[in-house]
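Novice: Before we start, here is the structure in question, set down as structure tokens.
2 protein chains.
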Amino acid sequence: MNPVKIGICGLGTVGRGSLEVLTRNSVEIAGRAGRDIVVSHVGARGGADIEGVTVSRDIFAVADDPQVDILVESIGGTGVAKELILRAIANGKHIVTANKALIAEHGNELFAAATNAGVTVAYEAAVAGGIPIVKAMREGLAANKIEWLAGIINGTGNFILTEMRDKGRDFDDVLAEAQARGYAEADPTFDVEGIDAAHKLVILASLAFGIPLQFDKVYTEGISKISTSDVDYADELGYSIKHLGVTRRTEQGIELRVHPTMISKSQLIANVNGVMNAVLVKGDAVGPTLYYGPGAGAEPTASSIVADIVDIARSLAVDPQHRVPFLGFHTQSLSDTPVLDIGSIETGYYLRMSAQDKPGVLSKVAQILSDRGISIEAIIQKEAAAGTDYVPLIILTSRSVENKLMAAITDIEALPAIGGAVTRIRVEALG
Amino acid sequence: MNPVKIGICGLGTVGRGSLEVLTRNSVEIAGRAGRDIVVSHVGARGGADIEGVTVSRDIFAVADDPQVDILVESIGGTGVAKELILRAIANGKHIVTANKALIAEHGNELFAAATNAGVTVAYEAAVAGGIPIVKAMREGLAANKIEWLAGIINGTGNFILTEMRDKGRDFDDVLAEAQARGYAEADPTFDVEGIDAAHKLVILASLAFGIPLQFDKVYTEGISKISTSDVDYADELGYSIKHLGVTRRTEQGIELRVHPTMISKSQLIANVNGVMNAVLVKGDAVGPTLYYGPGAGAEPTASSIVADIVDIARSLAVDPQHRVPFLGFHTQSLSDTPVLDIGSIETGYYLRMSAQDKPGVLSKVAQILSDRGISIEAIIQKEAAAGTDYVPLIILTSRSVENKLMAAITDIEALPAIGGAVTRIRVEALG
Chain A
50 MNPVKIGICG LGTVGRGSLE VLTRNSVEIA GRAGRDIVVS HVGARGGADI
100 EGVTVSRDIF AVADDPQVDI LVESIGGTGV AKELILRAIA NGKHIVTANK
150 ALIAEHGNEL FAAATNAGVT VAYEAAVAGG IPIVKAMREG LAANKIEWLA
200 GIINGTGNFI LTEMRDKGRD FDDVLAEAQA RGYAEADPTF DVEGIDAAHK
250 LVILASLAFG IPLQFDKVYT EGISKISTSD VDYADELGYS IKHLGVTRRT
300 EQGIELRVHP TMISKSQLIA NVNGVMNAVL VKGDAVGPTL YYGPGAGAEP
350 TASSIVADIV DIARSLAVDP QHRVPFLGFH TQSLSDTPVL DIGSIETGYY
400 LRMSAQDKPG VLSKVAQILS DRGISIEAII QKEAAAGTDY VPLIILTSRS
450 VENKLMAAIT DIEALPAIGG AVTRIRVEAL G
Chain B
50 MNPVKIGICG LGTVGRGSLE VLTRNSVEIA GRAGRDIVVS HVGARGGADI
100 EGVTVSRDIF AVADDPQVDI LVESIGGTGV AKELILRAIA NGKHIVTANK
150 ALIAEHGNEL FAAATNAGVT VAYEAAVAGG IPIVKAMREG LAANKIEWLA
200 GIINGTGNFI LTEMRDKGRD FDDVLAEAQA RGYAEADPTF DVEGIDAAHK
250 LVILASLAFG IPLQFDKVYT EGISKISTSD VDYADELGYS IKHLGVTRRT
300 EQGIELRVHP TMISKSQLIA NVNGVMNAVL VKGDAVGPTL YYGPGAGAEP
350 TASSIVADIV DIARSLAVDP QHRVPFLGFH TQSLSDTPVL DIGSIETGYY
400 LRMSAQDKPG VLSKVAQILS DRGISIEAII QKEAAAGTDY VPLIILTSRS
450 VENKLMAAIT DIEALPAIGG AVTRIRVEAL G
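Chains as they are written, first to last, in the working numbering: chain A, 50 to 480; chain B, 50 to 480.
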């Protein structure tokens, strides 16, 4: 069979990694794909000199090259990247991308264009780097009604939380190191405020529940307000704090949320440390399954990009309706199940507050919670340090509706005996 | 499109689970597959009454039914099951099976027959139950040279070792409970002597390295000789004992072995407890990835069987050469890399012996090891209990070739100051 010809647009970390893996492992890849896979055209604004490969400074030249079968988009962003992909689709090329923002925000439109053109848009690398989680969700778990999933899907955030726990370091301190090491972006907002994780979670939720991509509906809360004292109290209570993306199907609709989460240390996913990613998926037939690996980096990302290329190469001759559907479900089977507002979700809660060290304060707090049907599952009360009137009071609540809990917090903060704001971290059993 | 018609042979745990999942989740499954999937014919020796389904007491009637597109073999064993599958293949049917013994021992022959007939034999359920590990290996990691793989792939064995560690219980005691709970077979040899794990490892090794299935080459050692004292010493040294299947590509060939293994407690896979399974795979591009989930049970196994059915349904119209190859690599790309003898593999070792409580014994043992280039990485020496002359002496060695280590053990056992046999457990870094 003729070789499959690949065009790569963008020679940053991901583009270079893909070129390297396709070259180094060409024998194994051809043995698996049943035909040779060669990079024939690279688009790189700064130019490049690669033996046997046409290089264009205009990336659109790759999208217009009639020799190219599959275009790898590795320029990032949602502007030019989208224009490039739409052009390549119109030219009948299959697309492989690691661009989570683009898929989460414009995937519905790209998939529709690809359907019209009879080509595919593959994006395994867009979620959890090298972990083949898109394939697991779309194919491996196809027998299941997915009940929920929870993922550590931003490596920088997990690195920061791991260092805070293991070494008692401050958030700002670890963030500076992550930036120096190149884990975090120079503008770390995408990582630590949960936007990157939200992009990935939106994709995972669509795969889980067969709903269209709805990035505007995801609730996002970052880790920048987590203090080392919360990390320590969590540990004392038998929990780790992880920055999780969580999506769950309830009778009312679909929960879709990214936030710091306390989970029992006995959970396998609580032991996923450093920059590693993991996704825990609960299916009604299979039960819990977990997928773990590097969530970023040149070659882990390239591993997923090349897997997509091999998939496409294996099925180039297949008519489009026999391909795996973009979101796992065929378009006519997508559901309009609503995404729930954060106020109506239900979890346990960890509350930390500063309480005056005198009798009766705890009972007032307990009364406020009890009035809203929220019960207390555990309490830590610390001794007052010399010279202070306030002591930390930590409470773990039963599973409660968020709106009720937030109203209770408002009332607690209004108590004269409580100083300042109440810190609130959601608690998940993942059972 | 017409519905895809399924024949199920055998209505034990796996067959009933598959019927249940196909029925209960028919809407989701059809939404993913793009067409309805219906069970049209069941073969069960004892008969059955299932609405809308033809039931035959002769399972071969299912293999001969021209209506059946895909035959699910869930009778088990390697005799009649093989005959049944070959008949169905000859009749142009695709096969889905959870039968690890059959694939490991006769897969090469079945795949050849399927190739001739232009049909597929799918076996996701044969390895690690509900975990989509076959798909991950054949497709998700297709970009990688696989370096090694280590798996907890027998749930009964892992349950026994977990109970021994967490509750200090004896092997025999826990085994009796596992049998009572239905985890272990009445004849537990397949579980505790590692034969079941060996079947799965042989399949995983072929997927990892593109070698034919070679069940006759796997080294197998069970867990029945693990004592609670070894579990305790391992814990003291920072390790867990797990029953692992390990396969690794070295310059000399391929290691293929199932045995109790000490691994650091900080490894994620060391925290896989109870009846759960996990497979840790190291690819050259992706790095380490881990896949975790239930390794057995009616619905986890059905999850994988139905995933295979959906795969086949999605690609029924595809010509055979565009299907994913049986072992991930196309037949002409399979390699004849030799499988190594256990004597030439290299790991670290845990040694436990009974030594006379007098000066000079340790130095003699150390000398024997040193003479063979084996260095000592850690030692535990215990106080003698009142009234005994012997004390336990525990040694962790550097990575060494097994033949040299075994020769050293022979010499150590010949020392007058050493009582009885030396216990030896392999140690893996999995790094």
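Glycine included, every Cβ here is placed at the ideal spot set by N, Cα and C.
1) Could you work out which residue in A:T296, A:I361, A:A478 and A:D460 is closest to Y172 (chain A) when comparing CA atoms only?
2) My parser needs the beta strand (DSSP E) runs of 3 or more residues fully inside the segment 268-308 of chain A; what are they?
3) Expressed to the nearest angstrom, what Euclidean distance is found between the alpha-carbon atoms of K291 (chain B) and I425 (chain A)?
4) Taking the alpha carbon of A246 (chain B) as the point to measure from, which residue in B:S75, B:M50, B:V88 and B:E270 has its own alpha carbon closest?
5) Going by alpha carbons, who is nearest to V251 (chain A) out of A:G156, A:A433, A:A466 and A:V471?
6) Are three or more beta carbon pairs between the segment 213-228 of chain A and the segment 326-342 of chain A nearer than 8 Å?
7) Counting only Cβ-Cβ distances shorter than 7 Å, please list the residues of the segment 301-322 of chain A near chain B, keeping chain order.
8) Just to make sure I have the definition right: I need the residues of chain A whose C-beta is within less than 7 Å of the C-beta of E395 (chain B). Which are they?
9) What does T338 (chain A) reach in chain B if we use C-beta pairs closer than 7 Å?
10) From which residue to which residue does the alpha helix (DSSP H) around S455 (chain A) run?
11) Excluding the 5 residues flanking L135 (chain A) on each side, which residues of the same chain have their C-beta closer than 8 Å to its C-beta?
12) Could you give the distance in angstroms between the alpha-carbon of Y282 (chain A) and the alpha-carbon of P369 (chain A)?
13) How is V414 (chain B) classed by DSSP in three states: helix, strand or coil?
14) Tell me whether P408 (chain A) is buried or exposed, calling it buried when 16 or more other Cβ atoms sit within 10 Å of its Cβ.
15) Along chain B, which residues have their Cβ under 8 Å away from the Cβ of P349 (chain A)?
16) What are the residues that DSSP puts in a beta bridge with I195 (chain A)?
17) Is the Cβ-Cβ distance between L256 (chain B) and M186 (chain B) less than 8 Å?
18) Compare the C-beta of V414 (chain B) with all C-beta atoms of chain A and state if any pair is closer than 8 Å.
19) For L71 (chain B) and G294 (chain A), I'd like the C-alpha separation in whole angstroms.
20) Kindly list, in the order they appear in chain B, the residues whose Cβ is closer than 7 Å to that of N157 (chain A).
21) When the Cα atoms are used, what is the spatial distance from Q416 (chain B) to I461 (chain B)?
22) Would the beta-carbon of A97 (chain A) fall within 8 Å of that of V104 (chain A)?
23) Among residues of its own chain, excluding the 5 on either side of L151 (chain A), which ones have a beta-carbon nearer than 7 Å to its beta-carbon?
24) Using a 10 Å radius around the Cβ and a threshold of 16 neighbouring Cβ atoms, would you call Q381 (chain B) buried or exposed?
25) In the structure shown, what three-state DSSP assignment does G96 (chain B) receive?
26) Look up I202 (chain B) in the DSSP assignment and say whether it is helix, strand or coil.
27) Can you give the beta carbon distance from Y399 (chain A) to V321 (chain A), rounded, assuming they're within the 8 Å contact cut?
28) T393 (chain A) and F258 (chain A) look like a contact to me (Cβ under 8 Å); what is the Cβ gap, rounded to whole Å?
29) Please work out which residues of its chain come closer than 7 Å, Cβ to Cβ, to K184 (chain B), disregarding the five sequence neighbours upstream and downstream, and give them in chain order.
30) Give a yes or no on whether 8 Å exceeds the smallest Cβ distance from S403 (chain B) to chain A.
31) Helix, strand or coil, according to DSSP, for G156 (chain A) in the structure here?
32) Check whether the segment 57-67 of chain B touches the segment 113-126 of chain B, counting contact only when three or more Cβ pairs, one atom from each stretch, lie closer than 8 Å.
33) Indicate the three-state DSSP secondary structure (helix, strand or coil) for V87 (chain B) in the structure shown.
34) Rounded to whole angstroms, what's the CA-CA distance from A110 (chain A) to V102 (chain A)? Just pull it up for me.
35) State buried or exposed for A319 (chain A), treating a residue as buried only when at least 16 other CB atoms are found within 10 Å of its CB.
36) Can you tell me whether T238 (chain B) is buried or exposed, with buried defined as 16 or more other CB within 10 angstroms of its CB?
Specialist: Reading from the atomic positions:
1) Reading the first sequence from its first residue, position 123 is the one you call residue 172 (chain A). With distances taken between Cα atoms, Y172 (chain A) lies closest to A:I361.
2) Unbroken beta strand (DSSP E) runs of no fewer than 3 residues, entirely contained in the segment 268-308 of chain A, are found at 288-298, following chain order.
3) As a position in the second sequence, residue 291 (chain B) is number 242, starting the count at 1. As a position in the first sequence, residue 425 (chain A) is number 376, starting the count at 1. Inter-residue distance for K291 (chain B) and I425 (chain A) is about 39 Å (C-alpha atoms, whole angstroms).
4) Here residue 246 (chain B) corresponds to residue number 197 of the second sequence, with the count starting at 1. Residue B:E270 is the option with its Cα nearest to A246 (chain B).
5) As a first step, residue 251 (chain A) must be located in the first sequence, where it is residue number 202. Each of A:G156, A:A433, A:A466 and A:V471 was checked against the Cα of V251 (chain A), and the nearest Cα belongs to A:G156.
6) Taking 8 Å as the limit for Cβ pairs, the verdict is that the segment 326-342 of chain A does not touch the segment 213-228 of chain A.
7) If the cut-off is 7 Å between Cβ atoms, the segment 301-322 of chain A has L317, N320 and V321 near chain B.
8) Numbered from its first residue, the second sequence carries residue 395 (chain B) at position 346. Under the 7 Å cutoff, chain A gives no residues; its nearest Cβ is about 24 Å from E395 (chain B).
9) In the first sequence, residue 338 (chain A) corresponds to position 289, counting from 1. Result: G179, I180, Y341 and G342.
10) Translated into the one-based positions of the first sequence, residue 455 (chain A) becomes position 406. Here residue 455 (chain A) is Met; the residue named in the question, Ser, does not match the sequence. Boundaries of the alpha helix (DSSP H) harbouring M455 (chain A): E451 to A463, taken from the DSSP string.
11) Here residue 135 (chain A) is taken as the residue at index 86 of the first sequence, counted from 1. Excluding sequence neighbours, L135 (chain A) sits near L159 and A162.
12) Along the first sequence, read from residue 1 onward, the residue named residue 282 (chain A) stands at position 233. Along the first sequence, read from residue 1 onward, the residue named residue 369 (chain A) stands at position 320. When rounded, the distance between both Cα atoms is 53 Å.
13) Walking along the second sequence from the start, residue 414 (chain B) turns up at place 365. Secondary structure at V414 (chain B): helix, using DSSP grouped into helix, strand and coil.
14) As a working note, residue 408 (chain A) is residue 359 in the first sequence. That one is exposed.
15) The residue given as residue 349 (chain A) occupies position 300 in the first sequence. Neighbours of P349 (chain A) on chain B, chain order: A334, V335 and G336.
16) The residue labelled residue 195 (chain A) in the question sits at position 146 within the first sequence. Answer is A:G332.
17) Counting from 1 along the second sequence, the entry for residue 256 (chain B) is found at position 207. Counting from 1 along the second sequence, the entry for residue 186 (chain B) is found at position 137. Yes.
18) Looking up residue 414 (chain B) in the second sequence gives position 365. No, because no Cβ of chain A sits closer than 8 Å to the Cβ of V414 (chain B).
19) Within the second sequence, numbered from 1, the residue matching residue 71 (chain B) stands at position 22. Within the first sequence, numbered from 1, the residue matching residue 294 (chain A) stands at position 245. Going by the C-alpha atoms only, they are around 30 Å apart.
20) Along the first sequence, read from residue 1 onward, the residue named residue 157 (chain A) stands at position 108. In chain order: nothing, as chain B lies at least about 17 Å away.
21) In the second sequence, residue 416 (chain B) corresponds to position 367, counting from 1. In the second sequence, residue 461 (chain B) corresponds to position 412, counting from 1. Rounded to whole angstroms, Q416 (chain B) to I461 (chain B) spans 10 Å at the Cα level.
22) By 1-based counting over the first sequence, the position of residue 97 (chain A) is 48. By 1-based counting over the first sequence, the position of residue 104 (chain A) is 55. In this structure, A97 (chain A) sits near V104 (chain A), with a CB-CB distance shorter than 8 Å.
23) Indexing the first sequence from 1 puts residue 151 (chain A) at position 102. Short of 7 Å from the beta carbon of L151 (chain A), and not among the five residues preceding or following it, lie these beta carbons of its own chain, in chain order: T127, A130 and K131.
24) Counting from one through the second sequence, the residue named residue 381 (chain B) turns up at place 332. Here Q381 (chain B) is exposed, its C-beta having fewer than 16 other C-beta atoms within 10 Å.
25) In the second sequence, counting from the first residue as 1, residue 96 (chain B) sits at position 47. DSSP places G96 (chain B) in coil when its eight states are reduced to three.
26) For the purposes of this step, residue 202 (chain B) is taken as the residue at position 153 of the second sequence. Secondary structure at I202 (chain B): coil, using DSSP grouped into helix, strand and coil.
27) As a working mapping, residue 399 (chain A) is identified with position 350 in the first sequence. As a working mapping, residue 321 (chain A) is identified with position 272 in the first sequence. 20 Å between Cβ atoms; not a contact.
28) Here residue 393 (chain A) corresponds to residue number 344 of the first sequence, with the count starting at 1. Here residue 258 (chain A) corresponds to residue number 209 of the first sequence, with the count starting at 1. According to the sequence shown, residue 393 (chain A) is Ser rather than Thr. Under the criterion of beta carbons closer than 8 Å, S393 (chain A) and F258 (chain A) do not qualify as touching, at roughly 17 Å.
29) By 1-based counting over the second sequence, the position of residue 184 (chain B) is 135. Here the set comprises E173.
30) As a first step, residue 403 (chain B) must be located in the second sequence, where it is residue number 354. So, not an interface residue.
31) Taking the first sequence and counting its residues from 1, the one referred to as residue 156 (chain A) is at position 107. Of the three classes helix, strand and coil, the one that applies to G156 (chain A) here is helix, per DSSP.
32) Judged by Cβ distances under 8 Å, the segment 57-67 of chain B makes contact with the segment 113-126 of chain B, as three or more pairs qualify.
33) Locating residue 87 (chain B) in the second sequence gives position 38, counting from the first residue. If DSSP states are grouped into helix, strand and coil, V87 (chain B) belongs with the strands.
34) Here residue 110 (chain A) is taken as the residue at index 61 of the first sequence, counted from 1. Here residue 102 (chain A) is taken as the residue at index 53 of the first sequence, counted from 1. Approximately 13 Å, taken between the alpha carbons.
35) Along the first sequence, one-based indexing puts residue 319 (chain A) at 270. A319 (chain A) should be labelled buried.
36) Sequence index remark: in the second sequence, residue 238 (chain B) carries index 189 (1-based). By the neighbour-count definition (other C-beta atoms within 10 Å, threshold 16), T238 (chain B) is an exposed residue.
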